[in-house]
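Using full-length UniProt numbering, read the sequence shown as starting at 1 and increasing by one per residue. Ideal Cβ positions, reconstructed from N, Cα and C, are used throughout, including at glycine. Values in this document were obtained by computation on a predicted structure and should not be read as measured data.
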Amino acid sequence: MAAKTNEEAIEEVPVLIVGGSLVGLTLAALLAKYGIKCMVVEKHSSTAIHPRATVMMPRTMQAFKELGLYEIMKEESLKYYDERTCIITTESLAGKLLHKWLEDVNEGIENVSATRRVFLTQQALEPLLRSKAKALGASLHFSTEVVSLTQDSNSVTATLRNRDSDTTYQIRSKYLIGADGFRSTTRSLLGIQTQGPGLLSRALTIYFEILDKEKLAKLANAHYSGVIYVANEVVRCFFRFDRDKKESFLVINSAGEQGSEESRFPADTASMEKANEYLRAAIGDETIEFKIHQLTTWEAIADMPERLREGRVLLAGDAAHRMPPSGGFGGNTGVQDAHNLAWKLAYVLKGKAGPELLETYEEERYPVAKHTVENALAHYVHRTEPILSHLVDEFNVKESPVEHLELAYRYHSKALFTNGPLDASNITEDPATSIAAPGSVAHHVLVNTFDGQKNIAISEFFGESFVLFVGPKGGPWIDGMKTLGKCFKTVQLAFNSDNAFARRYDVLEDGAVLVRPDGFVAWSCRSVVGERVQDAGALLEQTKKQVLCL
């Protein structure tokens, strides 16, 4: 039976977000924070019901901090997970340790970030995001899917179907964001093909409960209850246990004879009998009893779409990059898409920036996402499926240290003001030692301000507008800012004893650094005198036009 059509007038909204999971809800909340009305449609009836995307990385937590969720998430996380935990590979829970990938996931983080890694599943996080987005004014519609879309030079018209009532209706928006996941309908409707290594495995996730928790605790706690990879003759997989060992799952990436084609597709022969066999082999102790609650199958894929934009439609999250779960990069990369895109959409829709600013979303995010997909592939191969090591060579994967990829990836676009061309081959840098330059993450330092604030993390000033940080002798910049309007605010710093800001940002007392709302350096000037700046106001006006594509 054909869906019933609602004949009422087409509703209009500035931004329509297709997909109401982690990325769509984050984007909706960020847009609403900027005062942009948006509608979210999600084909499922509610938020996530299974524990996915466990680790939230520091840059991701910065975005959530700007939404006022950081402390709430930390508190919620501690109900389930230990914040200082390990990532390892073992023969089994009862078997010997094979390799430690990370001794402590938060060791040293405080030196390079004001936010920490937090373990929290989508099952726990998405309701927090849903409440925040709704409280800020976003319109959320579940059990609703996109059926078709058309666009012209001014708008996108989407036909939506309510899956409960089987009725269709249309929404017209200035921009549409496809954040609808791995098998994105939006991407399919646009005809955008994907490219890359492709299918790595058809995997199986086993949701289970250990009945003898004391016995399990002795095994799991010996391995720090972190992310526990298992590699033996029967399975290549990984465990995640919560603190109480109640909501546990095991992801089977490969099973059986390693190297055979069949071993990569455990989902194809999934059954309760097989799941029992795999779980038993991963635990490695025949005396431990368990109960399996549910099996789900899915595909581990590494690829990228040909592009992230078609006219007024942009892709984000898993719709914009597909990667295996090793390393936990997938959901985090999607949140960082939203963080990059939200302020740009807001500035364009409010007339503060030119439409070309949205072109920089793909310019900036595509190289970073592609590099992240390649690194996730390398993690998958090293930790789970060494037989696929030829893919690392075939796709010329350049591996970055985890903390570089998480905390210090770099952007290259026309929305950055520099004295010369940017080195587009430089995707990451060292967050502990590199100099913050246009395109860099604004590196973590503690600063003192002229108005008396002491030892404030510089990131505390991000998330609302552009911020011009000026040194103690930055009077010319402060005077020059008076003509630039409310897009920019100024923070004058009183350099502290270790001069951390001056060192990490390479500025003198009369220098200046402009940081974007998403915490990336847009422009910097080492010194008014050293750079022979004749008119600070004129240079700032030129900078504003460049970084806002005016």
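Following the continuous beta strand (DSSP E) through Asp152, name the residue where it begins and the one where it ends.
One-based indexing of the sequence shown puts residue 152 at position 152. Where Asp152 is concerned, there is no enclosing beta strand (DSSP E), given that its DSSP letter is neither H nor E.
Identify whether Pro305 lies in helix, strand or coil by the three-state DSSP scheme.
If you number the sequence shown from 1, residue 305 lands on position 305. It is a strand residue.
Can you tell me where the alpha helix (DSSP H) holding Lys544 begins and where it ends?
Taking the first residue of the sequence shown as position 1, residue 544 is located at position 544. From DSSP, the alpha helix (DSSP H) with Lys544 extends over 536-547.
Here's a check: name, in chain order, each residue in its chain whose Cβ is nearer than 8 Å to the Cβ of Ser400, leaving out the five neighbours to either side.
Here residue 400 corresponds to residue number 400 of the sequence shown, with the count starting at 1. Taken in chain order, the residues that qualify are His371, Asn375, Ile427, Thr428.
Give me the Cα-Cα distance between Arg312 and His379, rounded to the nearest whole angstrom.
Start at 1 with the first residue of the sequence shown, and residue 312 comes out as number 312. Start at 1 with the first residue of the sequence shown, and residue 379 comes out as number 379. Taking the straight line from one Cα to the other gives about 34 Å.
Is the beta carbon of Leu493 closer than 9 Å to that of Val470?
Taking the first residue of the sequence shown as 1, we reach residue 470 at position 470. Taking the first residue of the sequence shown as 1, we reach residue 493 at position 493. Annotated as proximal: Val470 and Leu493, with beta-carbon spacing under 9 Å.
Determine the contact status of Ala275 and Ala63, defining contact as a CB-CB distance below 9 Å.
For the purposes of this step, residue 275 is taken as the residue at position 275 of the sequence shown. For the purposes of this step, residue 63 is taken as the residue at position 63 of the sequence shown. Going by C-beta atoms, Ala275 is not nearer than 9 Å to Ala63.
Looking at C-beta atoms only, is the number of pairs between the region 387-400 and the region 515-529 that lie closer than 8 Å three or more?
Contact between the region 387-400 and the region 515-529 is absent, because fewer than three Cβ pairs lie under 8 Å.
Cβ atoms of Lys350 and Arg163: under 9 Å apart, would you say?
In the sequence shown, counting from the first residue as 1, residue 163 sits at position 163. In the sequence shown, counting from the first residue as 1, residue 350 sits at position 350. No. Outside cutoff.
Compute the Euclidean distance between the alpha carbons of Leu211 and Val251, then round it to the nearest angstrom.
Position 211 of the sequence shown, counting from 1, holds the residue named residue 211. Position 251 of the sequence shown, counting from 1, holds the residue named residue 251. Put simply, the backbone Cα of Leu211 is about 19 Å away from that of Val251.
Looking only at DSSP bridge pairs, what is Met39 linked to?
Reading the sequence shown from its first residue, position 39 is the one you call residue 39. Looking at the DSSP assignment, Met39 forms a beta bridge with Leu16, Ser139.
So, for Ala94: in the same chain, excluding its five sequence neighbours on each side, which residues have a beta-carbon less than 8 Å away from its beta-carbon?
For the purposes of this step, residue 94 is taken as residue 94 along the sequence shown, with counting starting at 1. Leu219, Ile283, Gly284, Asp285.
Counting only C-beta atoms, is Glu247 closer than 9 Å to chain E at any point?
Protein chains in the displayed structure number just one, and chain E is not present.
Helix, strand or coil for Met1? Go by DSSP, reduced to three states.
Counted from its first residue, the sequence shown places residue 1 at position 1. For Met1, the predicted model reports a pLDDT of 45, less than 50, meaning its position is unreliable and no value from the coordinates is stated.
For the beta strand (DSSP E) containing Lys174, name the first residue and the last one.
What you label residue 174 is simply residue 174 of the sequence shown in a count that begins at 1. First-last of the beta strand (DSSP E) with Lys174: 167-178.
With DSSP run on the structure shown, which of helix, strand or coil describes Val313?
Residue mapping note: residue 313 aligns to position 313 of the sequence shown, counting from 1. The answer is strand: DSSP assigns Val313 an E or B state.
Based on Cα-Cα distance, which residue from Arg116, Asp268, Arg202 lies nearest to Thr85?
Position 85 of the sequence shown, counted from the first residue, corresponds to residue 85. Of the candidates Arg116, Asp268, Arg202, the one whose C-alpha sits nearest the C-alpha of Thr85 is Arg116.
Which residues in the same chain have their Cβ closer than 6 Å to the Cβ of Lys398, if we skip the five residues on either side of it in sequence?
Looking up residue 398 in the sequence shown gives position 398. Excluding residues within five positions, none has a Cβ falling inside 6 Å.
Under 6 Å Cβ to Cβ from Tyr229, same chain only, skipping five residues before and after it: list those, please.
Counting from 1 along the sequence shown, the entry for residue 229 is found at position 229. Answer for Tyr229: Thr89, Phe238, Arg383, listed in chain order.
Measure how close the beta-carbons of Leu140 and Ala158 come, nearest whole angstrom, since I'm counting them as under 8 Å.
For the purposes of this step, residue 140 is taken as the residue at position 140 of the sequence shown. For the purposes of this step, residue 158 is taken as the residue at position 158 of the sequence shown. Wrong, their Cβ atoms sit about 16 Å apart, outside the cutoff.
What did DSSP end up calling Gln193 once you bin it into helix, strand or coil?
Working through the sequence shown from its first residue, we reach residue 193 at position 193. Residue state, collapsed to three classes: coil.
Alpha helix (DSSP H) containing Val105: first to last residue?
Against the sequence shown, residue 105 aligns to sequence position 105. Neither: Val105 is in no alpha helix (DSSP H) and is coded neither H nor E.
Assign Ile192 to one of two classes, buried (16 or more other C-beta atoms within 10 Å of its C-beta) or exposed (fewer than that).
For this step, residue 192 is matched to residue 192 along the sequence shown. Buried, because 16 or more other Cβ atoms sit within 10 Å of the Cβ of Ile192.
Judging by CA-CA distance, which residue of Thr205, Lys37, Lys65 is the nearest neighbour of Leu463?
For this step, residue 463 is matched to residue 463 along the sequence shown. A quick correction: the sequence has Gly, not Leu, at residue 463. Taking each of Thr205, Lys37, Lys65 in turn and checking the Cα distance to Gly463, the smallest one comes out for Lys65.
For a minimum of 4 consecutive residues, which ranges assigned as the alpha helix (DSSP H) are wholly contained in the region 267-295?
272-283
Please return the same chain residues whose Cβ sits closer than 8 Å to the Cβ of Met1, not counting the five positions on each side in sequence.
For the purposes of this step, residue 1 is taken as residue 1 along the sequence shown, with counting starting at 1. In this predicted model, Met1 has a pLDDT of only 45, less than 50, meaning its place in the structure is not dependable; the value taken from the coordinates is given anyway. Hits under 8 Å: Asp166.
For His404, which option in Arg59, Val55, Glu12 has the closest C-alpha, if you only look at C-alpha atoms?
Within the sequence shown, residue 404 is the residue found at index 404, counting from 1. Selected option, being the one with the closest Cα: Arg59.
Shortest alpha-carbon distance to Gln258 belongs to which of Lys545, Asn232, Tyr34, Val55?
For the purposes of this step, residue 258 is identified with residue 258 of the sequence shown, where counting begins at 1. Measuring from the Cα of Gln258, the nearest candidate turns out to be Asn232.
When the Cα atoms are used, what is the spatial distance from Phe142 to Ala320?
Reading the sequence shown from its first residue, position 142 is the one you call residue 142. Reading the sequence shown from its first residue, position 320 is the one you call residue 320. Answer to the nearest angstrom: the Cα atoms are 22 Å apart.
Check for me: the alpha helix (DSSP H) holding Gln453 runs from which residue to which?
Residue 453 sits at position 453 when you count from the first residue of the sequence shown. Gln453 -> no alpha helix (DSSP H), and no H or E assigned at all.
Determine contact between the region 13-29 and the region 322-338, defined as no fewer than three beta-carbon pairs at a distance below 8 Å.
yes
So, at 6 Å on beta carbons, what are the nonlocal neighbours of Gly354 in its own chain, with the 5 sequence-adjacent residues on each side left out?
Numbered from its first residue, the sequence shown carries residue 354 at position 354. Correct list, in chain order: Cys549, Leu550.
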